[in-house]
Structure formats: C-alpha cells, structure tokens
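Here the structure comes first, spelled out in structure tokens, and everything after it is commentary.
Okay, structure coming up:
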C-alpha cells in the first residue's frame, strides 16, 4: 500500500508531519477504539451522528458536520461504571479502559506514539451490608480477634474510609453473628454425624487458664460415607475445678448429649493422666447407653504424644545440671554479636565439619532442647576452645558432661524420630502407632537393665513412664496393626517375641482373642447400608446363581427369585463388610 506524508495541525498550532496510509476510495478506516464494542453509531440527521450505548441505550454526541466529538466521554461512561446496565451485569462484563493518546512533542516529530491500554478494570461490586457483617464475624473467628475490635476507633476509621456506606456493627451484633455462624456449622456437622456408618472416637484435652479454670476440648474423629477421615472440635466445656475426678466425665456427658452420640462412641483418649477413680467414673458413665467392646479396653486410653513428652521431660530432669551448662553456653554465644562472630571464627580455624546452627531452646518444648543439644554436641570442640580463649566464659561443660549429652541425645533421638513420623500426617491412624511404640519399648527396656551406670540412671526413669502406656495400650495398638492387611499377626508375633521373650505366646494369644472378639461384636451390630456397601453388595449378588428348588412348598416365579436374592444380598453385605474390616 502506498504511503504518503500528510501535514497535521497540532494543538500548539505547529505543523507536524504524520504518517498516513492512503485508503482506497469509498472505504472507511476500521475503528480501533475499544468503546465501539459497547456503542453503535446512529445517524439522526443530515451530517449529525450520535453514539448509542448497547447496554442502556443512552445517546451521546459523536459528530456534527466535520466536527468530531471524540470518544473520551464514551470511555467515561463505560470505565467509570456510570452505565446502570453494566452495574447490573457486572459479573458478565469485563471492561477495559484506555488512556488518551499521548503525542511525541516538538517540531519535526515523525509520528504520534500508539495508544496505550490500561490494565483490565472491573467495576466495583455492589455493596452488601449483610455480606460485610458475615465477613467481619468470619475474620474474628478465624484469627481469634476480640469481639470488641468493632468498637476500636482505629478499626472503625479504617472501615469507614474503606467503605463509607457500611454501617459499623456493635459488640452485641457481631456476637450474635458469630453465634449464628457457629449454629450453622454445627447443623451441617450434625447431619454428617447422623449419616456416618460406624462409630466415633473422642479425644480430650484440658487447658487451664491463669485463673485455674479448666477448659476441656472434646474432639471427634470419624469416617464418613465416602471413607474420608474427619477431625472436628465438637465442644469446649468449662470446668471450674479441673483437678476433680468428675471434670472429664462431665465434659464427655455434655458432648454425647449435645450431639446424640451415646450409642456411637468407640474409643476415648485423654491427654492428661487420670487417677483410677476418674477412669472408673468415665467407664460407669459410658456403659449406660454405650456397648463396651472388649470389656471396655478400647474405651479409655492415654495420649501417645503426651506420653512421649513425659518420657523426654523425665530424661531432661535426670540430666538437668548438664543441660543447664550447655544452655548457658549457647546463651552466652547467641546474646552477643561479637561473641557469635568469634565463635564462628574458632569453628573455621578448627575446621569443624558440622553444619548445625546454634539456637536457644524453648524449655516448654522438649524437641527444641533436643535440637539445641545435638547442635552443641557437634560443636563441643569450639566450646572447649572458647573456654581457653575467652576469660569471661565460665562454667563450660566438661568432657564428662559432653559424654552425658551424647548419651542423652541418643535416647531422645529414638522418641524424636517417632514423634516426627507420627506428626508427618495430618490424620495419623492407630495402625501406624504400633511400629514406633514397640521399638521405643524394646530400646528402653534393654537400656534400663544395662550394667553401665550412666545408661541405667538415664533410661530407667524413662522406661518406667513409658511402660505404663505400653501395658495399657499395647493390646489395642496391636489389634489395630492386625487389621492392616500388610502385616496382620506377623508383626505382632515378631515384636512380642523381642519384648516378652518366653512369655510372648501368652500376650500374642490375648491379641488374637481380642481381634476375634471384636469381629464377633461387629457382626452382631446392625449393618449400615451406605451407598458404598449397597453398590458392592449388588455386584456380589449379580455373581451368585439362584438356588434350585428342591421339594416341599417352594415359592414360584418372582417370589422365589426375590427370596433367594434377598438371602444372597444379606450374605453378600456381610462378606463385603468383613472384607472392608479385615482387609
């Protein structure tokens, strides 16, 4: 196409040259502005044309004779959201605003720069007072904000500047919104619990406030119809006297009554150690409407995480003085930038290969203490050198202390690794516990009878604490791992032979009888015909051939096929359920 130079009159009345393409006669140049996706041109008179909005049909000036009004006012109608129809259909319309064309100033400029497009822009959504109230209540619940935040002047000012049309809610209003949201969530969980095919397991955790008021958190663990494992906090029950024997039993009674779970409870696990009186009260409470499987052995159990923490704390208590020396040394290095730089210089000079970084521990978290001891133990040569080069560094651990630290880390690592494995999953199941528990029991049992006085002194208190958990829960965990089709009784027989020696057959027999007793108790229960069971049972029924009638009064036709099919259906359901239970 031929290109010619055409003079163009600029705003400052200076003649500038612009490139223009010569068009064939009678053919109009295609309009490029985005506004023409939303406007049409209508001729209203001789030499007079107007732009009409496709959405609201509003008319705007466009051209009169040789004078063209341009498209700026059309862009404002679309981009600023003043079109009423666009506000109603904002979910369907994605609008793009354009900037005015910028010209390259100065005489002699060859051409104007092309038009630049803004980023895609969407009109503001319609204001919804109820939706904003819902989001404030949701924010308070999610982040544990106090309800009085809606009365804080800074927050009120922020919200008013963000959306002046929002009518700020009061304390009572937001409290009611939070309660309403809780009741809606509770109703949805209630429907799920009513339809679960099996039982529910409860865990109890007691938190005590600074005013010595206890709060029992009751958490439910259950499997839904789609075989998905759920964990939900069902109740938080305030107990004015958390040390009483009735604290847990009252919280459990409130939860079971509130959710209607009296006949669905399977196991109950508590975090704190309970006296025997408290256990008997729980058993008596739950035995009224709840069937006690395995004579109540599954009903009450210790929390493994809390037991492991108690074992670790017992080990740290035995080595308290040595651990304190190491902690003071780490604190001496980490609380001064100059001392830390000197420590790193000594490490480089000694060419210590350790990649560990020193860090102070949180004494309420034993795993951080273990990590601190491991790092310090690998850098013990640097601490010894620091003792001779820095006169202000006193009470450095001796070689005997470092030996004790290494021994402590060896046995803490056993339970540290077990904790890491069990917490790697968001929903650890009981069959995974046995693998770690029996290893800990075997290691501590062997070490507690060691002739080495250092090992014996350290591990004997640890074994005494863990042995209580093992005796109460080993049979339950063994039954859980037997149900796992990958192991069945083989792992139980192997581990028990290592732990009990000649007495292993007696304990293996207890597990074997327990799994059979549990199976028979489940068979006696009514079979829940969930969609999964029905689908698999129907498939099994389709593979069973009808029985041939043999004498006597035998129903004929459809009645005969129905009678045979119904018996086969019941049998198929039982077989499918058995396969799902035992793997």
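Numbering (our numbering), first residue to last: 10 to 592.
Using N, Cα and C, we set each Cβ at its ideal position, and we do this for glycine too.
- Following the DSSP letters along the chain, one finds residue 440 inside the alpha helix (DSSP H) bounded by residues 439 to 457.
- Apart from sequence neighbours up to five positions away, the residues of its chain that approach residue 246 with a beta-carbon distance below 8 Å are 224, 225, 227, 259, 260, 263 and 264, ordered along the chain.
- At the C-beta level, residue 324 and residue 431 stay beyond 8 Å of one another.
- Residue pairing for residue 77: DSSP places it in a beta bridge opposite 72.
- By the Cβ neighbour-count rule, residue 77 is exposed, with fewer than 16 other Cβ atoms within 10 Å of its own.
- In this structure, residue 385 places its C-beta atom within 8 Å of the C-beta atom of residue 367.
- Per DSSP, residue 258 is one residue of the alpha helix (DSSP H) stretching across 256 to 268.
- Ranked by Cα distance from residue 94, the first of 269, 80 and 135 is 135.
- Sequence-distant partners of residue 61 (beyond 5 residues in either direction) whose C-beta falls short of 6 Å from its own C-beta, in its chain, are 49, 51 and 68.
- Secondary-structure assignment with DSSP links residue 279 through a beta bridge to 213 and 311.
- Residue environment analysis places residue 165 among the exposed positions, since fewer than 16 neighbouring C-beta atoms fall within 10 angstroms of its C-beta.
- A contact is defined here as three or more CB-CB pairs under 8 Å, and the region 358 to 365 fails this definition with respect to the region 502 to 509.
- DSSP places residue 151 outside any beta strand (DSSP E); the residue lies instead in the alpha helix (DSSP H), whose first and last residues are 138 to 152.
- Residue 244: not part of any alpha helix (DSSP H); member of the beta strand (DSSP E) spanning 238 to 248, first to last residue.
- According to the DSSP assignment, residue 167 belongs to no beta strand (DSSP E) but to the alpha helix (DSSP H) extending over 162 to 171.
- When the alpha-carbon of residue 399 is set against those of 350, 229, 411 and 375, the nearest one is in 350.
- Looking at the DSSP output, residue 60 shares a beta bridge with 50 and 69.
- Beta-bridge analysis with DSSP links residue 228 to 212 and 242.
- The beta carbons of residue 257 and residue 211 sit no closer together than 8 Å.
- Annotation: residue 234 is outside any alpha helix (DSSP H) and is labelled neither H nor E by DSSP.
- Taking 3 residues as the shortest admissible run, the region 389 to 419 contains no complete beta strand (DSSP E) segment at all.
- Taking a cut-off of 8 Å on C-beta distances, the region 163 to 181 does not touch the region 230 to 241, as fewer than three cross pairs fall below it.
- DSSP assignment within the region 450 to 500 yields the following whole alpha helix (DSSP H) runs of 4 residues or more, N-terminal first: 462 to 492.
- Between the alpha carbons of residue 519 and residue 484 lies a gap of roughly 8 Å.
- One thing to note: residue 394 has its Cβ no nearer than 8 Å to the Cβ of residue 353.
- Here residue 223 carries a strand assignment [DSSP, helix/strand/coil].
- Excluding its 5 nearest sequence neighbours in each direction, residue 489 has C-beta neighbours in its own chain below 8 Å: 438, 439, 440, 442 and 443, listed in chain order.
- By the Cβ criterion, the region 174 to 193 is not in contact with the region 203 to 219, since fewer than three pairs of Cβ atoms, one from each stretch, lie closer than 8 Å.
- Contact between the region 416 to 436 and the region 313 to 329 is present: three or more C-beta pairs spanning the two stretches fall below 8 Å.
- For residue 367, no alpha helix (DSSP H) segment is defined, and its DSSP state is neither H nor E.
- Ranked by how close their Cα comes to the Cα of residue 254, the residues 286, 340 and 417 have 286 in first place.
- According to the DSSP secondary-structure assignment, residue 382 is paired through a beta bridge with no residue.
- The DSSP-derived three-state label of residue 359 is helix.
- Residue pairing from DSSP places residue 274 in a beta bridge opposite 209.
- Annotation for residue 418: 379, 382, 383 and 386 place their beta carbon closer than 8 Å to its own, counting only its chain and skipping 5 residues before and after.
- Remark: C-beta atoms of residue 464 and residue 408 do not approach each other more closely than 8 Å.
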